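Visitor:
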Amino acid sequence: MSLRDSLAFQAIKVGDVELSNRIVYCPTTRFRSTTMSKDSKFRHLPSDLMLDYYKDRAQYPGTLLVTEATFVSDRLSGYDGAPKISTPEETQAWKKIINAVHSQHSFISCQFWALGRVAIAKNLKQKGLDYIAPSAIYESDYTKNGAIKYDLPLREVSQKEIHDIIYNDYTLAAKNALEAGFDFIELHGAHGYFIDQFLHECSNQRTDIYGGSIENRCRFVLELIDHLITIVGASKLAIRLSPWAEIQGITEPESPIPVFSYLLKELQNRADQGNKLAYVSVVEPRVNGVVTRSEDEIKGDNEFVAEIWKGVLLRAGNYTYDAPEFNTVKKDISNGRTLVGFSRYFTSNPDLVEKLKNGKQLVKYQRPLFYTPFNYGYNTYNDKRDWDEEVEKKRLPKPIRHSEINL
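Here the sequence shown is numbered in our numbering, starting from 344 and rising by one per residue.
#1: Between K700 and the rest of its own chain, which residues show a CB-CB distance below 7 Å, the 5 nearest in sequence each way excluded?
#2: Would you mind giving the Cβ-Cβ distance between G654 and V623, rounded to the nearest angstrom? I have them listed as a contact below 8 Å.
#3: Per DSSP, what are the beta-bridge partners of C545 in this structure?
#4: Taking the alpha-carbon positions, what's the G555 to M344 distance?
#5: Count the other CB atoms, across all protein chains shown, that sit within 10 Å of the CB of Q469; report buried if there are 16 or more and exposed otherwise.
#6: Using 8 Å as the threshold, is the stretch 462-482 in touch with the stretch 438-445, meaning 3 or more CB pairs across them?
#7: Would you check if there are 3 or more beta carbon pairs closer than 8 Å linking the stretch 403-416 to the stretch 490-505?
#8: Using 8 Å as the threshold, is the C-beta distance between I355 and V696 below it?
#9: Between N678, R560, L682, F713, which lies nearest to V602 when the distance is taken from Cα to Cα?
#10: Is L584 near I572, with beta carbons less than 8 Å apart?
#11: T715: which of V706, E735, Y513 sits nearest, CA to CA?
#12: Nearest to D526 by CA position, among Y708, N718, V360, P740, is which residue?
#13: Near K641, what residues of its chain come up, given a Cβ to Cβ distance below 7 Å and the 5 sequence neighbours on each side ignored?
#14: Would a C-beta distance cut-off of 8 Å place F455 and V415 closer than the cut-off?
#15: I need the straight-line Cα distance from N645 to L565, nearest angstrom please.
#16: Against chain C, with Cβ distances strictly below 8 Å, would G459 count as a contact?
#17: Roughly how many whole angstroms lie between the Cα atoms of T690 and T550?
#18: For G471, which of P404, T371, D417 has the nearest alpha-carbon?
#19: What does DSSP give as the partner residue(s) for H531 in the beta ladder?
#20: What are the boundary residues of the beta strand (DSSP E) that I366 is part of?
#21: Between the Cα of Y485 and those of I582, G592, A476, D539, spot the shortest distance and give me the residue it belongs to.
#22: Run through the DSSP bridge pairs and tell me what Y622 is partnered with.
#23: Mind checking Y688: buried by the 16 CB within 10 Å criterion, or exposed?
#24: Does the stretch 447-461 touch the stretch 415-434, meaning 3 or more C-beta pairs lie closer than 8 Å?
#25: Which one of Y536, Q447, K438, S390 has the shortest CA to CA distance from I425?
#26: Mark Q540 as exposed unless 16 or more other C-beta atoms lie within 10 angstroms of its C-beta, in which case mark it buried.
#27: Quick one: what's got a C-beta closer than 7 Å to R400's C-beta in the same chain, skipping five residues either side?
#28: Name, in chain order, the residues that DSSP records as bridge partners for W456.
#29: Would S578 and G358 qualify as a contact pair, given that the criterion is a beta-carbon distance under 8 Å?
#30: Ignore the nearest five residues each way along the sequence and tell me which others in A520's own chain have a CB closer than 7 Å to its CB.
#31: Please list, in chain order, all residues of the same chain as I651 whose beta carbon is under 8 Å from its beta carbon, the five residues on each side excluded.
#32: Evaluate P751 with the Cβ neighbour count: other Cβ atoms within 10 Å of its Cβ, from every protein chain shown; 16 or more gives buried, anything less gives exposed.
#33: With DSSP as the reference, identify every bridge partner of V634, one or two as the case may be.
#34: Is the distance from the Cβ of R680 to the Cβ of L656 below 8 Å?
#35: On the DSSP bridge list, what partners appear for F450?
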């Protein structure tokens, strides 16, 4: 059976919307927000390049896109080039991008990001911000040396700050996301970032109600989810998890299944009581962050996730490894409630959904251009025009002008 004739191209309801297909563009950090302005209002502004990028990948009607990781606030940031959604200016810029996606009759989810201990101390110091994490345990010698160099030691976030992060930072970002018109909010609970740091003993050695037992280590994310449900509704909320990832200092000496099983059971309990999240997204063990694992390196699988969580499940991670048959895609979507995500090949194939449907050859992505600051290798995969490499390498992200929105 071809993908075209499989469940991949049958409609499915996710939250309150109906997707035309089950292929999702998953978050791909590209660092193309505005960065160079001396005015802090424009340091994390979604840019003109981003507008073109998301509109191009929404071209197959009814497709779900998940944005690149987007900071919920300044204090939870720590990189340049990534977008944010905590100011009126950022909200309005996102609104223009969302309108472009909606004009293609597609849908978009905003991935909420908080860095914690993997933030760059220099970046925080420049903004006059503290360096906080669930526990004062450095992710690596690199982050530790940066903290020493810039006299900004990592410290354990206080309970008062945790409360403030939930009820102010995330709350404001959620309200802004609603105002901008996002269809969903996806919490980034994967890959060793702030939420994920709470879940693991290697990064959480607190002695209060947010540390120690599995229940305590899951407390922050569950409190956050419960509160955001009151702001946006469960049907607009999602979370991404990476049970098998061992990156950015995250390690599980034994199995990650106990902690993630507990968390998923709690989410399913909420669903059973009428607060079912739009979807749960999981990263497959075939990848470790941005690196593809060899078959010998793969540990475990995510079948336990599907057994516990009965709602819509989004699975992502090297689904092209068995192309062009895509037998793993067909197997995973066969339960009728699973979406499959692509990231790397979506960067180089803005028309990926159409290509998968019609069995067309995919353009190989260019990893060296993932995080460069210019347009070349970002929007230049659109084959509807010729691109001048030198010109596009000089085109940097700028604020979106009204004249650039062709809706």
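The C-beta atom is built at its ideal place from N, Cα and C for all residues, glycine as well. All of these numbers come straight from a predicted model, not from anything done at the bench.
Guide: Taking the geometry as given:
#1: L346, R347, F352
#2: 7 Å
#3: DSSP output for C545 lists no bridge partner at all.
#4: 49 Å
#5: exposed
#6: no
#7: no
#8: no
#9: R560
#10: no
#11: E735
#12: V360
#13: Reading the sequence as shown, one finds Ile at residue 641 and not Lys. Closer than 7 Å at the Cβ level, and outside the excluded window around I641, lie P628, R629.
#14: yes
#15: 21 Å
#16: Annotation note: the requested chain C is absent from the structure, which comprises a single protein chain.
#17: 43 Å
#18: D417
#19: R583
#20: 366-368
#21: G592
#22: A581
#23: buried
#24: yes
#25: According to the sequence as given, residue 425 is Ala; it is not Ile. Nearest option by C-alpha distance: S390.
#26: buried
#27: Y368, L408, F689, P693
#28: F414
#29: yes
#30: I428, C453, I528
#31: S604, L607, K608, Q611
#32: The shown model of the chain, from 344 to 750, leaves out residue 751, and the question about it has no answer.
#33: N631
#34: yes
#35: L407
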